[in-house]
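All remarks here apply to the structure that follows.
In my numbering, the protein residues as written are 45 to 118.
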């Protein structure tokens, strides 16, 4: 997904505010394209996605100033 920035200038809404942005990327999750995925297929990929999200959160939270933070995935 492409993030959309909103900035301080009305004439240039994509000009971002003067703050630092940090991005981290997780490992790719292999999937197989199917026209009719089963609920089990969806649950399996979702479980992998959440596990990778939790892994990168734990790895980088202290580096970005939140060493005691807890991630809650609903």
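Idealized CB from N, CA, C, for every residue including glycine.
In this text, all values refer to a predicted model and were calculated from it rather than measured experimentally.
Among the options, whose alpha-carbon lies nearest the alpha-carbon of residue i?
i: residue 77; options: 116, 108, 86; result: 86
i: residue 74; options: 113, 93, 106, 117; result: 93
At which residues does the alpha helix (DSSP H) containing residue i begin and terminate?
i: residue 101; result: 83 to 104
Between residue i and residue j, which are expected to be in contact by the criterion C-beta below 8 Å, what is the C-beta distance as a whole number of angstroms?
i: residue 98; j: residue 115; result: 6 Å
i: residue 66; j: residue 108; result: 6 Å
Just to confirm, is the Cβ distance from residue i to residue j under 8 Å?
i: residue 68; j: residue 110; result: no
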